[in-house]
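Asker:
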Amino acid sequence: MLKTIIAHTSADRGRSLYLGLHSGGKVAETPACASCHAHNPTRPGRHYRTGRAIDPIAVSANPKRFTDPAEVEKRFERDCVNILGRACTAREKGDFITFLVGQ
Numbered sequence: 000m001l002k003t004i005i006a007h008t009s010a011d012r013g014r015s016l017y018l019g020l021h022s023g024g025k026v027a028e029t030p031a032c033a034s035c036h037a038h039n040p041t042r043p044g045r046h047y048r049t050g051r052a053i054d055p056i057a058v059s060a061n062p063k064r065f066t067d068p069a070e071v072e073k074r075f076e077r078d079c080v081n082i083l084g085r086a087c088t089a090r091e092k093g094d095f096i097t098f099l100v101g102q
């Protein structure tokens, strides 16, 4: 089953989700993931409000990313609502991670 799910994820869709400008999110200042995380996911980002540095989100630059399932789900729950205005689907989560694992 897991192989089937992985086979149907798309790095291109994940890239669009990461870089795309979205409306409807709870936080107008963050219409894209790249609003806080850098446009280049291998680079550090900066929190939009506090200015606090954010470690790179790409796995190649930050091997600890996506290793703690509870932390990953917590971030998706918060950030999808802030950016998209809704929860991310399982497909979107898979696409997003597939994109970032390949960076």
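Numbering (numbering that gives the first Met the number 0), first residue to last: 0 to 102.
Each residue gets a CB set at the ideal place from its N, CA and C atoms; glycine is no exception.
From a predicted model like this one, the values you see are computed outputs, not experimental measurements.
1) What residue from Ala31, Ser15, Gly93 and Ser34 has the CA that sits closest to Ile68's CA?
2) Where does Pro40 land, buried or exposed, given buried means 16+ other C-beta within 10 angstroms?
3) With which residues is Arg48 paired in a DSSP beta bridge?
4) By a C-beta neighbour count over all protein chains shown, 10 Å radius and 16 as the cutoff for buried, is Thr66 buried or exposed?
5) Please work out which residues of its chain come closer than 8 Å, Cβ to Cβ, to Leu83, disregarding the five sequence neighbours upstream and downstream, and give them in chain order.
6) If we count the other Cβ atoms within 10 Å of its Cβ and call it buried at 16 or more, is Pro62 buried or exposed?
7) So is Leu18 buried or exposed if we call it buried at 16+ other beta carbons inside 10 Å?
8) Cα separation between Val26 and His7?
Answerer: According to the structure shown:
1) Taking the sequence shown and counting its residues from 1, the one referred to as residue 68 is at position 69. What sits at residue 68 in the sequence shown is Pro, not Ile. It is Gly93.
2) Within the sequence shown, the letter at position 41 stands for residue 40. By the neighbour-count criterion, in which 16 or more other beta carbons inside 10 Å mark a residue as buried, Pro40 falls on the buried side.
3) Along the sequence shown, one-based indexing puts residue 48 at 49. Bridge partners of Arg48: none, in fact.
4) Translated into the one-based positions of the sequence shown, residue 66 becomes position 67. By the Cβ-count criterion, Thr66 is exposed, with fewer than 16 other Cβ atoms from all chains shown falling within 10 Å of its own Cβ.
5) Here residue 83 is taken as the residue at index 84 of the sequence shown, counted from 1. Excluding residues within five positions, the ones whose Cβ falls inside 8 Å are His21, Gly23 and Gly24.
6) Working through the sequence shown from its first residue, we reach residue 62 at position 63. Pro62 comes out exposed.
7) For the purposes of this step, residue 18 is taken as residue 19 along the sequence shown, with counting starting at 1. With fewer than 16 neighbouring CB atoms inside 10 Å of its own CB, Leu18 falls in the exposed class.
8) The residue you call residue 26 lines up with position 27 of the sequence shown. The residue you call residue 7 lines up with position 8 of the sequence shown. The straight-line gap from Cα to Cα measures roughly 30 Å.
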